[in-house]
Structures are given as C-alpha cells and as structure tokens.
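No gaps in the numbering here: position 50 of the sequence shown is 50 in the working numbering, and each next residue is one more. Working notes, beginning with the structure itself.
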Amino acid sequence: MSILSYSNEEEKGKVLEDLTWNVKQTQDDLLKEILTLNSGTEYLQNFLHGSFDKELFKKNLPIVTYKDVKPYIDRVANGESSNIISAIPITNFFNSSGTSGGANKILPSNSKYSDGKAFIYDLLAHVISK
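Here it is as structure tokens:
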C-alpha cells in the first residue's frame with residue numbers, strides 16, 4: 001500500500017485512519033510480511049529455520065546490538081549476496097551520523113526502505129497540511 005497512489009486528501013486521511021485504528025493488527029501484518037519475505041535469509045535461517053511463524057520469531061530471535069549484526073552487514077558491503085540479511089537486494093549503504101561506540105555504523109538500504117520512507121514523508125505532509 002502506498003499513500004502516493006491515493007489522489008485526494010480524503011483518501012489519504014482514510015489510509016492514516018486505517019493504519020492507526022487497529023495498531024496491533026497493523027504491526028502483526030507488517031511483521032508477517034517481513035518474516036514471510038525474509039525467512040530464507042541466512043540471518044533469519046539461524047533462528048527460524050525457514051519458518052515465518054511470529055511465535056517462533058518471538059521465542060527464538062534474541063535482542064541484538066549493531067555489534068551482533070555487523071559481521072553480516074560487512075559481508076554484504078564487501079560484495080556477498082544481499083540474501084544474507086535481506087530477500088530484497090541491498091542497493092545502498094548509509095553511514096550513521098552518530099559515533100556511539102567510536103565509529104559510524106554502516107546501514108543497508110533497499111527499495112522497500114525507499115518506498116517506506118516516501119510513504120512516511122507523504123503521510124507526514126498530509127498530516128501537516130491539516
């Protein structure tokens with residue numbers, strides 16, 4: 001769903017209302033989409049073994065820091081397949097602006113991220129215009 005495809009402000013308002021009316025369902029749907037799409041990545045295979053079950057995700061996936069995932073990101077940044085961390089090809093890497101831990105962090109990006117960012121900015125513009 002892209003808010004950019006809605007032609008008028010009333011339709012955009014309806015999208016915003018739908019997203020915020022049932023937040024838990026919206027979050028569950030997004031997690032299911034992410035897990036379904038990425039369950040075959042090397043990183044998630046280590047924890048989910050190809051499953052995209054939300055309960056297995058909650059049970060098996062630990063809370064991690066950047067330091068924990070950095071080796072996977074570095075491998076992709078050094079030319080290995082994006083499928084290590086993302087089913088959608090990584091198209092860009094950004095450096096974080098902060099230096100917690102003494103160095104900038106490398107942040108991978110893909111078309112899904114770009115589309116989501118455009119969606120958020122358009123939604124923000126709709127809210128601000130009210």
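All C-beta atoms, glycine included, are put in the ideal place defined by N, C-alpha and C. Every value quoted in this text rests on a predicted model; they were computed, and no experiment measured them.
Grab me the residues of residue i's own chain with a C-beta within less than 7 angstroms of its C-beta, minus the 5 sequence neighbours each way, in chain order.
| i | result |
| --- | --- |
| Ser-111 | Ile-88, Thr-91 |
| Ser-96 | Asn-104, Lys-105, Leu-107 |
For residue i, count the other beta carbons within 10 Å of its own beta carbon; 16 or more makes it buried, fewer makes it exposed. Which is it?
| i | result |
| --- | --- |
| Ser-86 | buried |
| Thr-172 | No information on residue 172 is available, as it lies outside the stretch 1 to 130 that the chain covers here. |
| Ser-132 | Since the first residue shown for the chain is 1 and the last is 130, residue 132 is missing from the structure and cannot be characterised. |
| Lys-12 | buried |
Rounded to the nearest angstrom, what separates residue i and residue j at their Cα positions?
| i | j | result |
| --- | --- | --- |
| Thr-105 | Val-69 | Note on identity: in this sequence residue 105 is Lys, with Thr being the wrong assignment. Using only the alpha carbons, I get a separation of about 11 angstroms. |
| Ile-73 | Ser-51 | 22 angstroms |
| Asn-8 | Thr-20 | 19 angstroms |
| Phe-47 | Phe-93 | 25 angstroms |
| Leu-44 | Ser-109 | 17 angstroms |
Beta-carbon within less than 8 angstroms of residue i's beta-carbon, same chain only, minus the 5 sequence neighbours each way: which residues are those?
| i | result |
| --- | --- |
| Lys-54 | Asp-28, Leu-31, Lys-32, Leu-35 |
The alpha helix (DSSP H) with residue i in it runs from where to where?
| i | result |
| --- | --- |
| Pro-71 | 66 to 77 |
| Asn-60 | 54 to 60 |
| Asn-38 | 23 to 38 |
For residue i, which residues in the same chain have their Cβ closer than 6 angstroms to its Cβ, ignoring the five residues on either side in sequence?
| i | result |
| --- | --- |
| Gly-102 | none |
| Thr-26 | Leu-19 |
| Asn-83 | Thr-41 |
Note the first and the last residue of the continuous beta strand (DSSP E) segment covering residue i.
| i | result |
| --- | --- |
| Asn-95 | 90 to 95 |
With DSSP as the reference, please indicate the residues paired to residue i in a beta bridge.
| i | result |
| --- | --- |
| Ile-120 | Answer is none; Ile-120 lacks a bridge partner. |
| Ser-109 | Asn-92 |
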